[in-house]
Amino acid sequence: QVQLVESGGGLVQAGGSLRLSCAASGSIFSFNTMGWYRQAPGKQRELVATITSGGSTNYADSVKGRFTISRDNAKNTVYLQMRSLKPEDTAVYYCNAFRLAESYWGQGTQVTVSS
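The numbers in the working numbering rise by one with no breaks, and the one at position 38 of the sequence shown is 952.
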């Protein structure tokens, strides 16, 4: 069992930046894919960005060029650097770890972008 704890959320003005962190209780080295998802009020959870164990990344079109995902296997932590934030980025952001048939989620961290 792996526990994921997100941090770094908060309130920021449009155009600002935040960096989210996802700390795992165990090694993330074995996870094929780590990712960030978000869920806005009244909407379904959606993919924001993923990163594989080999370092390949994938981004939602809405965040390309503004968000950067990275992972530090030595620290068992995944990051999401968010720049040029927009009000539509407001959501609860969740960290996910996936390997084979196992998928783990964090409790989420709120990001609110004011206009």
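Note that CB positions come from ideal geometry on N, CA and C, so glycine has one too.
Classify residue i: buried if its beta carbon has 16 or more other beta carbons within 10 angstroms, exposed otherwise.
i: Glu920; result: buried
i: Asp975; result: exposed
i: Leu999; result: buried
i: Leu932; result: buried
i: Phe943; result: exposed
Between the alpha carbons of residue i and residue j, how many angstroms are there, rounded?
i: Ala928; j: Val1027; result: 6 Å
i: Glu1002; j: Ser935; result: 20 Å
i: Ile965; j: Arg985; result: 8 Å
i: Val865; j: Gly940; result: Nothing in the structure corresponds to residue 865, since the chain is present only between 915 and 1029.
i: Thr1004; j: Trp1019; result: 19 Å
i: Gly979; j: Arg997; result: 9 Å
i: Phe981; j: Glu1016; result: 26 Å
i: Ser1029; j: Gly924; result: 14 Å
i: Gly922; j: Lys957; result: 22 Å
Our contact map puts residue i next to residue j with C-beta atoms below 8 Å; I'd like the distance itself, whole angstroms only.
i: Asn990; j: Met948; result: Actually they are not in contact, since the Cβ atoms of Asn990 and Met948 sit about 10 Å apart, beyond 8 Å.
i: Val857; j: Gln995; result: Since the first and last residues shown for the chain are 915 and 1029, residue 857 lies out of range.
i: Val977; j: Ala954; result: Going by Cβ atoms, the distance from Val977 to Ala954 rounds to 13 Å, so no, they are not a contact pair.
Leaving out five residues before and five after residue i in sequence, what residues of the same chain have Cβ atoms less than 6 Å from its Cβ?
i: Tyr973; result: Ala963
i: Ala938; result: Val916, Leu918, Asn990
i: Tyr1008; result: Tyr951, Trp1019, Gly1020, Gly1022
i: Thr971; result: Ile965, Ile983
Which residues in the same chain have their Cβ closer than 7 Å to the Cβ of residue i, if we skip the five residues on either side of it in sequence?
i: Asn946; result: Thr966, Ser967, Phe1012, Arg1013
i: Gly930; result: Leu999
With a threshold of 8 Å on Cβ separation, who are the neighbours of residue i within its own chain once the five nearest residues in sequence on each side are excluded?
i: Glu960; result: Tyr951, Arg952, Gln953, Ala974
i: Ala988; result: none
In chain order, what are the residue ranges of uninterrupted beta strand (DSSP E) at least 3 long that sit wholly in the region 931-959? 932-938, 947-953
Could I get the ranges of all uninterrupted alpha helix (DSSP H) runs contained in the region 950-1013, with 4 residues as the minimum, in chain order? none
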